[in-house]
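Student: With this note's numbering, the residue at position 8 of the sequence shown is 781, and numbering never jumps.
Even for Gly, the Cβ is constructed at its ideal location relative to N, Cα and C.
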Amino acid sequence: MTTLKIGDKAPDFDSIDQNNKTVRLKDYLGKKIVLFFYPKASTPGCTMEACNLRDNYQEFLKKGYEIIGVSADSQKRQSNFAIKNNLPYSLLVDEDKDIINAYGVWGPKKFMGREYDGIHRTTFVIDESGNIENIISKVKTKEHATQIL
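Right, here's the structure in full:
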């Protein structure tokens, strides 16, 4: 789906998160980032994935990673999702799909025989220099932290 490859410069972004705080990729230079894209806040698979990352958050911090989630949900929906599930990391609001398109995770999907366009559940691991270190396109929602670490 995505045309980005390991070693590519990660596309920069500038967005607000669930707390209306501005988040920019360039502000994270010097840190490793787990940038995960998910289809829709508060759906079963997305909740499992977000909570798996939450449950392993301290391990990510110990290894020098920051976690950032991205979906096309509104700020209110992202905020409710974060509060309800006690998520300690930023969830970016990308209603215009600028970040989603920059990372190439929007496209045709199939579910129960129906075809539609949507966000492909994909995670990018970005190194301290802002380069893509890993791309996980076959995300296991219940074991995502293990896939990354």
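1. Straight-line CA distance for Ile779 to Cys819?
2. Using only CA atoms, which one of Glu868, Cys824, Asn904 lies nearest to Phe854?
3. Taking just the CA atoms, how far does Lys782 sit from Phe809?
4. Classify Glu916 as helix, strand or coil using the three-state DSSP reduction.
5. What residue range is occupied by the uninterrupted beta strand (DSSP E) comprising Asp890?
6. Beta carbon of Asp790, beta carbon of Val912: below 8 Å?
7. Since Lys835 is in the alpha helix (DSSP H), which residue starts that stretch and which ends it?
8. Over what stretch of residues does the alpha helix (DSSP H) that includes Lys857 continue unbroken?
9. Please state if the CB of Ala875 and the CB of Pro784 are separated by a distance shorter than 8 Å.
Tutor: Looking at the atomic coordinates:
1. As a working mapping, residue 779 is identified with position 6 in the sequence shown. As a working mapping, residue 819 is identified with position 46 in the sequence shown. Their Cα atoms are separated by approximately 24 Å.
2. As a position in the sequence shown, residue 854 is number 81, starting the count at 1. When only C-alpha atoms are compared, the closest one is Cys824.
3. For this step, residue 809 is matched to residue 36 along the sequence shown. For this step, residue 782 is matched to residue 9 along the sequence shown. When rounded, the distance between both Cα atoms is 16 Å.
4. Residue mapping note: residue 916 aligns to position 143 of the sequence shown, counting from 1. In the structure shown, Glu916 sits in a helix (DSSP, three-state: H, G or I).
5. Along the sequence shown, one-based indexing puts residue 890 at 117. Where Asp890 is concerned, the enclosing beta strand (DSSP E) stretches over 887 to 892.
6. In the sequence shown, the residue the question calls residue 790 occupies position 17. In the sequence shown, the residue the question calls residue 912 occupies position 139. Not a contact, by the Cβ cut-off of 8 Å.
7. For this step, residue 835 is matched to residue 62 along the sequence shown. First-last of the alpha helix (DSSP H) with Lys835: 830 to 835.
8. Here residue 857 refers to the residue found at position 84 of the sequence shown. That run of the alpha helix (DSSP H) goes 848 to 858.
9. As a working note, residue 784 is residue 11 in the sequence shown. As a working note, residue 875 is residue 102 in the sequence shown. Contact: yes.
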